[in-house]
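Residue numbers (the working numbering), protein chains in the order written: chain A, 711 to 1483; chain B, 958 to 1114; chain C, 38 to 321. By construction, the Cβ of each residue, glycine as well, lies at the ideal position given by its N, Cα and C atoms. One structure is given below, encoded as structure tokens.
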């Protein structure tokens, strides 16, 4: 009975509760004596916080307390107010830019927490907000990276500059390579601000048991163990006093689960008033308080030989970081310059990435951080290069894709973090070929540029790699239940990916038992394993799954040892048989060993790279600027598909997010840093009508050599190439109008403006277009 | 003020402020937490329930407006054991990931299929375009709803 | 985003409703479907002291079709319009416009009266009533009156309604069977408010247009009739040349501002395209 579950499209066990409305999300939790927290947030983008007067608010019946910075006297911080430290790339240069958990001298973005109201209901808490008098002496707002770069209005007086850091991505000697290059092209492009909006907004519930020194925090997600470490230091408790509980989580996408100010404020409030406290973010808050992402501008230059093979890439990327360096805020700004080469062979690479602090919501990760932006830039450049050199753009990509035999292929190194990376395995050209075949590129490509029934047809192509399996470690534990079934405890976290089912599949195969013998899979919470890491950088299957394999081996070892003693035979004679252990003719039911537990781990410092291709067929109504997708195919090789059903769900789900970011989603500010997209009527998410014609094919032809499952992280590939693919399709469609998109999102107004601008330059454009059947 | 209505076939009576929405009343007063709140301004559809058979956004309805009404939530569309044909179809097609939008999708799909068991893919997409999902990309949800049509056709007179 | 506190009343007659509205010093508001008002209250940009729920006023839910035209009670829902098969012939322009309104769940609660009273400049129903020269019947403490649709919308979210008045019905003039019409809307996503939309109709007089009506939404602070475009159409055969002139006239007649979704220049061009496409549909 080997490997019957890995690779099978097993229906998810999680669904049984979600479909019936029996999930438990943090707002579903209730405890006696609960107080509700409502946060007073700055409505000024930049200013000195002079005073907060809650006297009138405290008079309102049902208002229990109003907490401000004055109530915080943490000995470990000079101002008494704890700071949220960076988790990833925690460079000393970033420290001055880290966020205090509550505003205390300045406010630096609309939405920054200034006070926490505790009340007997959320409604009363919101009523109270209107009665808190806040005095802010406004300062000139820094609303764009260009304004930030002037360093005239500075967010952090201590450093005197709005540039927190510059990353340098290097490989070879780009400047020399450019000197002799037969062909170069330089472009300025930009990607718009959007974010990993989750359908469930954030929430935290904290319970402080003073008698037993126990702080229980519910609503944890993504990286509960890291967050416990941060909270322990901020609140002055040992980690062993704190338990973080992960309930059901309504989406993560890189945005939920990082340590936010509220992750301190709510536990602090509970301890401060000795009552349980719950805070549930509303949507208005979520838009301005959950990590933003993706706002970059690039000035890039590519050098090629006449046959289109790339010699070098160099340039600058500017990232609008918002007001503070968040726990993982540097990731996108580091990934973009390092990984924009994607699946392509680029021998010389010199890209600087400048991080600019602005008076906007702070930036964190969103699925494929920096990679979505980088792919857009590179894919646009490749199509432009192809047109300039008269080379078919698919052929151009073929000539530049890293070959099967070239793995591991070294990618650029990023400093100052000394981040090295290399590909692992794969046949990038094979997924390109498969995608073109499934798409019927040979026939459909002929429509590129044609005007049919008033719409221009366009085809776009983009190839990608997706980095996954971030280490350094993950843990899993198995335990025998009273009834002889088995529970799996995971250090990884669930954000909805279906990990409960996947880990059950892996454990059942490794133990060679039916899958229903794995009765429970628990994840995320800090009480489950000794040292957990979480869900980020597409690591849950590889890191968590490999930890499960190690745990099953250790578990079998302990079980054999215990069973051998009981059955009086040698360990090598023991076999596990569904619900019993047998040895030398005798057997015992597994429930005789209830409580037997073994923890395993997987250590890893290399990344997996799943890869693939996007191809799109669109029409553009040039008079409306409206894009319609007629067909969109993604082919992605994931090394090894543990559950094809859920992997396809990841590809399509991340693709639609990518299309949202490419066309619809746009977080906007005015020049004074006022936040303009304050509702879901302004921030537009894809709906069921917008992108109906999507197809995906998942292959696992090239397992990853760096983990025992052979799997590769695969949750982000669908998003990475969406912007480049769609923009290339628009360029292809409007080629007779000489339109070249250089920005995302591809909103109707933007496309229309491109058409108008191109017309001014070439009034005869479009005359050569023709109606065709 | 007191409000009396039916929820999932059972009479309930609550005493609420006029400003309490039906969504919050269901979730916090009646502890039916299957209905989810995703936006509180009538866009996301996670709060969809059936009121007198019609799918409505419970975040835009006041609890006091439910006086005398017959309210059905996702719990009322579920069996004690096992899954309904609609739910089984969602599971089969992997039409949910994090599960947060799912109750709204189920109630909306149930209302649609009950009234229009012959609906086509365009109609399903049109109707579901008032329910936001961030995880699945919708393709599998539409497939699941279409695949559930036969079950609703069987039960129609 | 919990609602601010308010008092609540659920009258059983129109006169009771009017008396309640009159009693709160201009701070009371009628509650119809709640699909527009409740979100405003959730954002605390509206904070009425009293909500007067109209749901028990059954007399406001009637759809009447006579030779004089179509009357829609203020509490008629979008769903009621789409389900009333008579309206497909009695007022096809109304039906065409309502098909663009919002989403399934909203259509089960949202009302024509609520939409008119809310007066969003990009909403379809205000566009329909302005284009069709509808009469808005209202009842207030000083009695009943009718307001011409062209006089009803004063600005974004502003109408000629007094604080004590409720809309009782909307009266659309009779729609001749042979009338030619078109409705074109462009929204970012299905069901969104229009970036721009055009409703056009004209009657055919031996191959020439007569009585042309052209109304647009999304390009000004209220729905607009465009007399300069109507002048281009009246007395003419509606061919490609006339349609092109009408498109240009429509763009020239409006001066929309920039907003977060688009430049004013874009909407200016867009409304021309909407008029052009609506006329192409009408004349086909």
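Candidates the options: closest to residue i by CA position
i	options	result
residue 1063 of chain A	A/879, A/1092, A/1359	A/879
residue 945 of chain A	A/1137, A/977, A/972, A/920	A/977
residue 405 of chain C	C/245, C/281, C/284, C/238	For residue 405 of chain C there is no data in the structure shown, the boundaries of chain C being 38 and 321.
residue 1077 of chain B	B/1036, B/1104, B/1025	B/1104
residue 976 of chain B	C/59, C/85, C/60	C/85
residue 1282 of chain A	A/1289, A/841, A/1267	A/1267
residue 53 of chain C	C/75, C/92, C/41	C/92
residue 1289 of chain A	A/1225, A/849, A/998	A/1225
residue 1206 of chain A	B/1092, B/994, B/1029, B/989	B/1092
residue 1223 of chain A	A/1287, A/1186, A/1025, A/1090	A/1287
residue 1319 of chain A	A/1332, A/1248, A/1383	A/1248
Proximity test, Cβ basis, 8 Å: residue i and chain B
i	result
residue 80 of chain C	yes
residue 53 of chain C	no
residue 716 of chain A	no
residue 1481 of chain A	With a pLDDT of only 35 at residue 1481 of chain A, under the threshold of 50, the placement of this residue in the model should not be trusted; the figure read from the coordinates follows. Judged by the 8 Å Cβ criterion, residue 1481 of chain A is not in contact with chain B.
residue 958 of chain A	yes
residue 340 of chain C	Residue numbering for chain C in the displayed model covers 38 to 321; residue 340 of chain C lies beyond these limits and cannot be assessed.
Short CB-CB distance (under 8 Å) between residue i and chain C
i	result
residue 1033 of chain B	no
residue 832 of chain A	yes
residue 1089 of chain B	no
residue 1022 of chain B	yes
residue 1488 of chain A	Here chain A has residues from 711 to 1483 only, and residue 1488 of chain A is not among them.
residue 1392 of chain A	yes
Distance CB(residue i)-CB(residue j) smaller than 8 Å
i	j	result
residue 1201 of chain A	residue 931 of chain A	no
residue 913 of chain A	residue 1001 of chain A	no
residue 934 of chain A	residue 954 of chain A	yes
residue 1168 of chain A	residue 1356 of chain A	no
residue 72 of chain C	residue 999 of chain B	yes
Beta-bridge pairing of residue i - partner residues as DSSP gives them
i	result
residue 867 of chain A	In DSSP, residue 867 of chain A forms no bridge with anything.
residue 1145 of chain A	Residue 1145 of chain A pairs with nothing; no bridge assigned.
residue 1327 of chain A	A/1169, A/1341
residue 1010 of chain A	A/897, A/1025
residue 874 of chain A	Beta-bridge pairing links residue 874 of chain A to no other residue.
residue 1027 of chain B	B/963
Short CB-CB distance (under 8 Å) between residue i and chain A
i	result
residue 225 of chain C	yes
residue 1099 of chain B	yes
residue 200 of chain C	no
residue 264 of chain C	no
residue 310 of chain C	yes
residue 213 of chain C	no
residue 41 of chain C	yes
residue 303 of chain C	yes
Interfacial residues, the region 271-301 of chain C to chain F, with Cβ spacing under 8 Å: Of the protein chains in the structure, A, B and C, none is chain F.
Chain B contacts from the region 901-914 of chain A (Cβ-Cβ distance under 9 Å): Listed in chain order, the positions of the region 901-914 of chain A with a beta carbon within less than 9 Å of a beta carbon of chain B are 906, 907, 908, 909, 910, 911.
Residues in the region 718-731 of chain A having any Cβ partner in chain B nearer than 9 Å: Contact residues of the region 718-731 of chain A toward chain B are 719, 721, 722, 724, 725, 726, 727, 728, 729, 730, 731 (C-beta to C-beta distance below 9 Å).
Members of the region 1400-1414 of chain A that neighbour chain B once the beta carbon cut-off is set at 7 Å: From the region 1400-1414 of chain A, only 1402, 1404 have a Cβ closer than 7 Å to chain B.
Near-chain B residues of the region 1181-1213 of chain A - C-beta to any C-beta below 9 Å: Considering only beta carbons, the part of the region 1181-1213 of chain A lying closer than 9 Å to chain B consists of 1204, 1205, 1206, 1207, 1208, in chain order.
Against chain C: residues of the region 1431-1459 of chain A by CB proximity under 8 Å: Taking 8 Å as the Cβ-Cβ cut-off against chain C, the residues of the region 1431-1459 of chain A that qualify are 1457, 1458, 1459.
Near-chain B residues of the region 130-164 of chain C (beta-carbon distance less than 8 Å), N- to C-terminal order: Contact annotation: in the region 130-164 of chain C, residues whose CB is within less than 8 Å of a CB in chain B are 139, 140, 141, 142, 143, 145, 146.
Residues of the region 988-1005 of chain A whose Cβ lies closer than 7 Å to any Cβ of chain B, in chain order: Answer in chain order: 992, 993.
Members of the region 1345-1356 of chain A near chain B, C-beta cut-off 7 Å: Answer set for the region 1345-1356 of chain A: 1355, 1356.
Interfacial residues, the region 183-209 of chain C to chain B, with Cβ spacing under 9 Å: Of all residues in the region 183-209 of chain C, none has a Cβ within less than 9 Å of some Cβ in chain B.
Positions along the region 47-76 of chain C whose CB lies within less than 7 Å of some CB in chain B: Interface annotation for the region 47-76 of chain C against chain B: 71, 72, 75, 76, criterion Cβ-Cβ distance under 7 Å.
Contact list for the region 986-998 of chain B against chain C, Cβ threshold 7 Å: Listed by position along the chain: 997, 998.
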